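Per the working numbering: the sequence shown ends with 201, consecutive numbering throughout. We put the CB at the ideal spot given by N, CA and C, even for glycine. Just so we're clear, the structure is a prediction, and the values are computed from it rather than from any experiment. Below is one structure; the comments refer to it alone.
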Amino acid sequence: MTKKPTYQKTCEYCQKEFLSCRATTRYCNVKCNSRAITESRRTKKIQKHNNAQDRKIKKSIPPEFLSISETAQLLGISRPTVYKMIDTGQLKPIRISERVVRIKKTDIEQLNIIQPNK
Ligand SMILES: [Zn+2]
């Protein structure tokens, strides 16, 4: 008994619709599968490279510059709120690299809204 292709799937690589025997199939054919694997490997490699660079950059940042999470923690607010404050101009972000943003500690202290939570 052969299984009938019963699953209507959309190829994650070429976005083409196809029928599959299994629910877990992600690509319409072997070509798309191997292409997708190659692509994800490349993306991972690039990400790894970027992360390594970010780490290098982050290491060289003086401690008076705080990350978004550190800022949020210090102010006792959430990260989205920090981004909102950047949007409204209450905080001036310093862009260190394409993906690394820091906020000067003195800028935060000037806000005068630090909540004593300990
Ligand atoms: Zn495909």
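Q.
Among I129, E122, C94 and R105, whose alpha-carbon lies nearest the alpha-carbon of N112?
A. Stepping through the sequence shown from its first residue, residue 112 is reached at position 29. Ranking the options by Cα distance to N112, first place goes to C94.
- Query: Helix, strand or coil: how does DSSP classify S103 here?
  - Reply: Indexing the sequence shown from 1 puts residue 103 at position 20. S103: strand per DSSP, three-state reduction.
Q) Cβ-heavy atom distance between C115 and ligand 1 below 8 Å? A) Here residue 115 is taken as the residue at index 32 of the sequence shown, counted from 1. Within the cutoff, so yes.
Practice problem: Can you check DSSP and say which residues form a bridge with Y90? | Solution: Along the sequence shown, one-based indexing puts residue 90 at 7. According to DSSP, which records beta bridges pairwise, Y90 is partnered with S103.
* What is the DSSP secondary structure of V183, reduced to helix, strand or coil? -> As a position in the sequence shown, residue 183 is number 100, starting the count at 1. Of the three classes helix, strand and coil, the one that applies to V183 here is coil, per DSSP.
Please list, in chain order, all residues of the same chain as R118 whose beta carbon is under 7 Å from its beta carbon, the five residues on each side excluded. Within the sequence shown, residue 118 is the residue found at index 35, counting from 1. Here the set comprises Y96.
query: Expressed to the nearest angstrom, what Euclidean distance is found between the alpha-carbon atoms of Q156 and M168?
result: Reading the sequence shown from its first residue, position 73 is the one you call residue 156. Reading the sequence shown from its first residue, position 85 is the one you call residue 168. One C-alpha to the other measures close to 14 Å.
Any heavy atom of ligand 1 inside 8 Å of the beta-carbon of Y110? Within the sequence shown, the letter at position 27 stands for residue 110. Yes, the Cβ of Y110 comes within 8 Å of a heavy atom of ligand 1.
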